[in-house]
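**Q** Residue numbers (our numbering), protein chains in the order written: chain W, 1 to 453; chain F, 1001 to 1453.
There are 2 protein chains.
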Amino acid sequence: MKTMKVLLEDHEIPRQWYNIQADLPTPMRPPLHPATGKPVGPEDLAPIFPMNLIEQEVSTERWIDIPEEVLEKYLIWRPTPLCRARNFEKLLNAPVKIYYKMEGNSPAGSHKPNTAIPQAYYNKIAGIKHLSTETGAGQWGSALSMACQMFGLGCRVFMVKVSYEQKPYRRMMMNVWGAECIPSPSNLTEAGRNVLAEHPDSPGSLGIAISEAIEDAIAHPQAKYSLGSVLNHVMLHQTIIGLEAQKQMAKIGVYPDVVMGCAGGGSNFAGISLPYVRDKIHGKDVKIVGAEPTSCPTLTRGPFAYDFGDLAKKTPLLPMHTLGHDYVPAPIHAGGLRYHGMAPIVSHLVMDNLVEARAYHQIDTFEAGVMWARSEGFIPAPETCHVIAAVVDEARRAKEEGKEKVILFNWSGHGMVDLASYDAYLTGKLIPYEMPDEEIARALRAIEGFPKP
Amino acid sequence: MKTMKVLLEDHEIPRQWYNIQADLPTPMRPPLHPATGKPVGPEDLAPIFPMNLIEQEVSTERWIDIPEEVLEKYLIWRPTPLCRARNFEKLLNAPVKIYYKMEGNSPAGSHKPNTAIPQAYYNKIAGIKHLSTETGAGQWGSALSMACQMFGLGCRVFMVKVSYEQKPYRRMMMNVWGAECIPSPSNLTEAGRNVLAEHPDSPGSLGIAISEAIEDAIAHPQAKYSLGSVLNHVMLHQTIIGLEAQKQMAKIGVYPDVVMGCAGGGSNFAGISLPYVRDKIHGKDVKIVGAEPTSCPTLTRGPFAYDFGDLAKKTPLLPMHTLGHDYVPAPIHAGGLRYHGMAPIVSHLVMDNLVEARAYHQIDTFEAGVMWARSEGFIPAPETCHVIAAVVDEARRAKEEGKEKVILFNWSGHGMVDLASYDAYLTGKLIPYEMPDEEIARALRAIEGFPKP
Chain W
1 MKTMKVLLED HEIPRQWYNI QADLPTPMRP PLHPATGKPV GPEDLAPIFP MNLIEQEVST
61 ERWIDIPEEV LEKYLIWRPT PLCRARNFEK LLNAPVKIYY KMEGNSPAGS HKPNTAIPQA
121 YYNKIAGIKH LSTETGAGQW GSALSMACQM FGLGCRVFMV KVSYEQKPYR RMMMNVWGAE
181 CIPSPSNLTE AGRNVLAEHP DSPGSLGIAI SEAIEDAIAH PQAKYSLGSV LNHVMLHQTI
241 IGLEAQKQMA KIGVYPDVVM GCAGGGSNFA GISLPYVRDK IHGKDVKIVG AEPTSCPTLT
301 RGPFAYDFGD LAKKTPLLPM HTLGHDYVPA PIHAGGLRYH GMAPIVSHLV MDNLVEARAY
361 HQIDTFEAGV MWARSEGFIP APETCHVIAA VVDEARRAKE EGKEKVILFN WSGHGMVDLA
421 SYDAYLTGKL IPYEMPDEEI ARALRAIEGF PKP
Chain F
1001 MKTMKVLLED HEIPRQWYNI QADLPTPMRP PLHPATGKPV GPEDLAPIFP MNLIEQEVST
1061 ERWIDIPEEV LEKYLIWRPT PLCRARNFEK LLNAPVKIYY KMEGNSPAGS HKPNTAIPQA
1121 YYNKIAGIKH LSTETGAGQW GSALSMACQM FGLGCRVFMV KVSYEQKPYR RMMMNVWGAE
1181 CIPSPSNLTE AGRNVLAEHP DSPGSLGIAI SEAIEDAIAH PQAKYSLGSV LNHVMLHQTI
1241 IGLEAQKQMA KIGVYPDVVM GCAGGGSNFA GISLPYVRDK IHGKDVKIVG AEPTSCPTLT
1301 RGPFAYDFGD LAKKTPLLPM HTLGHDYVPA PIHAGGLRYH GMAPIVSHLV MDNLVEARAY
1361 HQIDTFEAGV MWARSEGFIP APETCHVIAA VVDEARRAKE EGKEKVILFN WSGHGMVDLA
1421 SYDAYLTGKL IPYEMPDEEI ARALRAIEGF PKP
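This is the structure we're talking about:
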């Protein structure tokens, strides 16, 4: 009988998150205040985040202790197993060993609670009573709803309207966890009302929903805003994935040749890969690859530039790969990962050639996802299908090169509430889509004249 | 930091299933042939099951080896963790320690693959190419779809029509795994056509769907029928749950005072409890409790009698607690566990006072489920909510008695594709419902004149 999983006992859970900012070969560019063009200070962020999270955002300490109260909640489902995909390997018939970190068995079904729980905790101890946030497909909104409930905070989620309507189960999930879920654009905020005045039928976008959530947080006493990806402290919290994976691979004496994750805002990809980027900075030979959709090709086609995180320009200017803050991916795109920007940390690592990116067509991603489900059983989230497509691609390359490879990837979430997208794929309703050059050029006009990093 | 989980490594997975028939203090009554009233022999079952499963059905061997090919698939997600529900305990504020066996993290989201995989395997090695089955809420149909795909078998699932319409994601899940899902009653079978002729708008029932699946299997060459609960071999396969739990509790030196599961056809309840029933037969002081809905109170209100497993009377007469084979639970009932009968093994154990049963109102079960989700995170399937209601009840009793208790229960499945039922509960659309005496009397007329056990 061959071993399929490497486990960690509760007491083996990592007690610290890893902060890549301590090890970067070149320093990150600071976020800029849009009015002054000067680096933003902690006081600029104070209206929307509690000071303890702002400190994490700018910290250069290498290791940051995970609070006991956070560990207690993590232990409900963490450490997650490191699994060997033997059945999928057989199907690919390539010289690869495939290991995946199973993040789909959290209560919310994805890696998102890894940061939702500490964010709720830090807000709680800072005296905050309520969090506002946005969500696209719903993974983040449901994770934060659960975390807020666990720490007794109120929670309001602005959900991109088209997803709100297509994925009613996500809204219901948030309700089960006691949160309020509002389709965005809404009439509750000025940002929402402005969009609705111009486009009453707007399907919404993450950029709009972020604007609404920030405005909502600022408007209420003892309320703050919470973001599920992009920011440094989010990447920090997610490193527990890669830290666990390193312990697990060490147990079986294996080191990966390639580490992969899908990349939307960058958090699950950073989560599995940052501890390996550290190894790479220290000379280890490891390839680190982010997989994104050709319909929202932020890393592969967007420039590294200063841009806003949201449509209404309420965030600081962030140094990141971007398709422009008013970009809304074509409705044709069913696979998630629709954010116009990318985490500054991930963008920085791409610029420093420590990380690379590849883009995949949605048909290929769902094909890979169905192959996975039919061999390994678990049905991956559409987002996760992107990294599985990248694994298939990497296995093909290994076969062509005649080279044995160990692949590690982050199985970021399950697709139990995204089955309508699979149905569209299986019934031939999806078409391949690649963002055309002229659309990219048009989208990028939004950042013309912004400071250059 | 307090431990929350007890794990088993892959190599610690049990290699044999436990067969309670070897240890029963009184022998089970045989199933009867409806035409002759005589016990059915293996040859009577051969049209619908392969001989290797029929042998398991009637075996009195105590331990039955789990084939290597089955273990390989089990290891994708098994052994499952034994978890301590510390957050839920805090909420209950009663002198109880609550452990649960997490069966919701299988690829299909429930305990059902524990028997779907061996059933597909045994059919495969018997030369069968295709399986037909029925499903109610969809847990079983999706599990068998996955298992058939893993072993290269075709699969057709007759799904109770009202669930087919209310739970489209379950049908899609089956499609992802390559199976065909048909709303029942259908025009594909005589059984279905007969129902439709009389009740064109029939919402369907498990009894009807079983009739259709059996007829479909018999009509096709190299096809057999597969059942997800009730039968002895299904209970056998599910014992892996309880066997793992015993190993895990032994690791921490704890023995449960109470073992609980929800009971529809009986398979998840039997799965966790049969190894403990064995202990009880050998003198151990342990209480074993099945939880069922007041709207389908098979064990608490139905007599122990001979009855058919399906509406069209295609099965043998089974000795079991039953509400009559033509009973269809009120549409008002949202919580699953709608089968009219109960596994003969479970029924037998109730008659021998080794196992007891309690019934819960649906409002109480969803209330318990929401309490669970808001403290422990995971959203339980409506079926699982029944056992959680029983745990709440047991904790209350412990508090009243001032007695410390260790509770072990089977967390049989997650509710990610059953969120519409939660939504109905949260928006006040569910009402309490208890099957009235006169309805029970009417339902039981279906078994008048049948042989008595």
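Glycine residues also receive a C-beta, built at the ideal position from the N, C-alpha and C atoms.
Just so you know, these numbers come straight off a predicted model, no measurement behind them.
Shortest alpha-carbon distance to W/R15 belongs to which of W/E43, W/V40, W/P47, W/I66?
**A** By one-based count along the first sequence, residue 15 of chain W stands at place 15. Measuring from the Cα of W/R15, the nearest candidate turns out to be W/I66.
**Q** Say whether chain F places a C-beta atom closer than 7 Å to the C-beta of W/D285.
**A** Within the first sequence, residue 285 of chain W is the residue found at index 285, counting from 1. It does not; no Cβ of chain F falls within 7 Å.
**Q** Which class does W/L71 belong to by DSSP, given the choice of helix, strand or coil?
**A** Taking the first residue of the first sequence as position 1, residue 71 of chain W is located at position 71. W/L71: helix per DSSP, three-state reduction.
**Q** Determine the DSSP secondary structure at W/Q222, reduced to helix, strand or coil.
**A** In the first sequence, residue 222 of chain W corresponds to position 222, counting from 1. Coil, per DSSP.
**Q** Applying a beta-carbon distance threshold of less than 9 Å, which residues of chain F neighbour W/I210?
**A** Within the first sequence, residue 210 of chain W is the residue found at index 210, counting from 1. Simply none; closest approach about 25 Å.
**Q** Taking C-beta pairs closer than 9 Å, name the residues in chain W that F/L1071 reaches, listed in chain order.
**A** To locate residue 1071 of chain F, count along the second sequence from 1; it is residue 71. Under the 9 Å cutoff, chain W gives M1.
**Q** Based on DSSP bridge pairs, tell me the residues matched to F/H1130.
**A** The count along the second sequence starts at 1 and reaches residue 1130 of chain F at position 130. Looking at the DSSP assignment, F/H1130 forms a beta bridge with F/G1154, F/A1223.
**Q** For the alpha helix (DSSP H) holding F/H1348, just list the boundary residues, first then last.
**A** Position 348 of the second sequence holds residue 1348 of chain F. Counting along the chain, the alpha helix (DSSP H) containing F/H1348 begins and ends at 1344-1351.
**Q** Would you kindly check if the distance between the Cβ of W/I20 and the Cβ of W/E274 is under 7 Å?
**A** As a working note, residue 274 of chain W is residue 274 in the first sequence. As a working note, residue 20 of chain W is residue 20 in the first sequence. It is worth fixing the name first, because residue 274 of chain W is Leu in this sequence and not Glu. Result yes, Cβ atoms of W/L274 and W/I20 sit closer than 7 Å.
**Q** Below 7 Å between beta carbons is the criterion; list the residues of the segment 1165-1193 of chain F that meet it against any residue of chain W, in chain order.
**A** Listed in sequence order: Y1169, M1172, M1173, N1175, V1176, W1177, G1178.
**Q** So, using beta-carbon positions, are F/C1181 and F/R1193 closer together than 7 Å?
**A** Position 181 of the second sequence holds residue 1181 of chain F. Position 193 of the second sequence holds residue 1193 of chain F. No, these two residues do not count as a Cβ contact at 7 Å.
**Q** Can you pull the chain F residues whose beta carbon is under 7 Å from the beta carbon of W/M4, in chain order?
**A** Numbered from its first residue, the first sequence carries residue 4 of chain W at position 4. In chain order: D1010, L1075, I1076.
**Q** Leaving out five residues before and five after W/N187 in sequence, what residues of the same chain have Cβ atoms less than 8 Å from its Cβ?
**A** Within the first sequence, the letter at position 187 stands for residue 187 of chain W. For W/N187, where only same-chain residues beyond five positions count, the Cβ hits under 8 Å are R193, L196.
**Q** In chain W, which residues lie less than 9 Å from F/A1420 when you measure between Cβ atoms?
**A** If you number the second sequence from 1, residue 1420 of chain F lands on position 420. Those within 9 Å of F/A1420 in chain W are P168, Y169, M172.
**Q** Whole angstroms is fine: what's the gap from W/G324's alpha carbon to F/W1177's?
**A** As a working mapping, residue 324 of chain W is identified with position 324 in the first sequence. As a working mapping, residue 1177 of chain F is identified with position 177 in the second sequence. Approximately 39 Å between the Cα atoms of the pair.
**Q** Please state if the CB of F/R1338 and the CB of F/P1329 are separated by a distance shorter than 7 Å.
**A** Here residue 1329 of chain F is taken as the residue at index 329 of the second sequence, counted from 1. Here residue 1338 of chain F is taken as the residue at index 338 of the second sequence, counted from 1. Contact: yes.
**Q** Interface residues of chain W around F/N1105 at Cβ under 9 Å?
**A** Here residue 1105 of chain F is taken as the residue at index 105 of the second sequence, counted from 1. Residues of chain W passing the Cβ test: W77, M102, G104, N105.
**Q** I'd like the list of long-range same chain contacts for F/P1432, defined as Cβ closer than 6 Å, with 5 residues on each side in sequence excluded.
**A** On the second sequence, position 432 is the one that residue 1432 of chain F refers to. H1361, I1363, listed in sequence order.
**Q** Rounded to the nearest angstrom, what separates F/Y1255 and F/T1135 at their Cα positions?
**A** As a first step, residue 1255 of chain F is located in the second sequence; it is residue number 255 there, counting from the start. As a first step, residue 1135 of chain F is located in the second sequence; it is residue number 135 there, counting from the start. One C-alpha to the other measures close to 35 Å.
**Q** Got a sec? Which residues, its chain only, sit under 7 Å from W/W77 by beta carbon, not counting five neighbours each side?
**A** Locating residue 77 of chain W in the first sequence gives position 77, counting from the first residue. Result list for W/W77: N105, S106, P107, in chain order.
**Q** Start and end of the beta strand (DSSP E) containing F/S1106?
**A** Stepping through the second sequence from its first residue, residue 1106 of chain F is reached at position 106. That residue, F/S1106, is in no beta strand (DSSP E); it is neither H nor E in DSSP.
**Q** Which chain F residues sit within Cβ distance under 8 Å of W/I388?
**A** Numbered from 1 along the first sequence, position 388 holds the residue referred to as residue 388 of chain W. Residues of chain F passing the Cβ test: none, with the nearest at roughly 13 Å.
**Q** Can you round the beta-carbon distance between W/E198 and W/E215 to whole angstroms, since I take them to be within the 8 Å contact cut?
**A** Along the first sequence, read from residue 1 onward, the residue named residue 198 of chain W stands at position 198. Along the first sequence, read from residue 1 onward, the residue named residue 215 of chain W stands at position 215. About 17 Å separates the two Cβ atoms, so there is no contact after all.
**Q** Quick one: which chain F residues come within Cβ less than 8 Å of W/L7?
**A** Numbered from 1 along the first sequence, position 7 holds the residue referred to as residue 7 of chain W. Within chain F, the residues near W/L7 are L1007, E1009.
**Q** How would you write the range of the alpha helix (DSSP H) that F/Q1016 sits in, first residue to last?
**A** Here the question's residue 1016 of chain F lines up with position 16 in the second sequence. It is not in any alpha helix (DSSP H) - F/Q1016 instead sits in the beta strand (DSSP E) that spans 1016-1018.
**Q** Using DSSP bridges, identify the partner residues of W/E180.
**A** Residue mapping note: residue 180 of chain W aligns to position 180 of the first sequence, counting from 1. According to DSSP, W/E180 bridges with W/R156.
**Q** Determine the DSSP secondary structure at W/W140, reduced to helix, strand or coil.
**A** Taking the first sequence and counting its residues from 1, the one referred to as residue 140 of chain W is at position 140. If DSSP states are grouped into helix, strand and coil, W/W140 belongs with the helices.
**Q** Classify F/R1442 as buried or exposed, calling it buried when 16 or more other Cβ atoms lie within 10 Å of its own Cβ.
**A** Within the second sequence, the letter at position 442 stands for residue 1442 of chain F. Looking at its Cβ environment, which holds fewer than 16 other Cβ atoms inside 10 Å, F/R1442 is exposed.
**Q** Quick one, which residues of the segment 1355-1389 of chain F are near chain W if we go by CB-CB under 7 Å, in chain order?
**A** Here the close residues are V1370, A1373, R1374, E1376, G1377, F1378, I1379.
**Q** Please report the straight-line C-alpha distance between W/I210 and W/A217, rounded to a whole angstrom.
**A** As a first step, residue 210 of chain W must be located in the first sequence, where it is residue number 210. As a first step, residue 217 of chain W must be located in the first sequence, where it is residue number 217. Their Cα atoms are separated by approximately 11 Å.
**Q** Output the distance between the C-alpha atoms of F/A1270 and F/G1261, rounded to the nearest integer angstrom.
**A** The residue labelled residue 1270 of chain F in the question sits at position 270 within the second sequence. The residue labelled residue 1261 of chain F in the question sits at position 261 within the second sequence. If you take the alpha carbons of F/A1270 and F/G1261, they lie about 8 Å apart.
**Q** With C-beta atoms as the reference, is F/S1110 less than 7 Å away from F/G1309?
**A** For this step, residue 1110 of chain F is matched to residue 110 along the second sequence. For this step, residue 1309 of chain F is matched to residue 309 along the second sequence. Not closer than 7 Å, so no.
**Q** Using beta carbons (cut-off 7 Å, strictly below), is F/Q1149 in contact with chain C?
**A** Absent from the structure is chain C; the protein chains it does hold are W and F.
**Q** Report the partner residues of W/W63 according to the DSSP bridge assignment.
**A** For the purposes of this step, residue 63 of chain W is taken as the residue at position 63 of the first sequence. According to DSSP, which records beta bridges pairwise, W/W63 is partnered with W/Y18.
**Q** Where in the segment 1393-1452 of chain F do unbroken runs of the alpha helix (DSSP H), each at least 4 residues long, occur, reported from the N-terminal end onward?
**A** Segments of the alpha helix (DSSP H) lying fully in the segment 1393-1452 of chain F: 1419-1426, 1437-1444.
**Q** Please say whether F/P1031 and F/L1318 have beta carbons closer to each other than 7 Å?
**A** The sequence position of residue 1318 of chain F within the second sequence is 318, counting from 1. The sequence position of residue 1031 of chain F within the second sequence is 31, counting from 1. Result yes, Cβ atoms of F/L1318 and F/P1031 sit closer than 7 Å.
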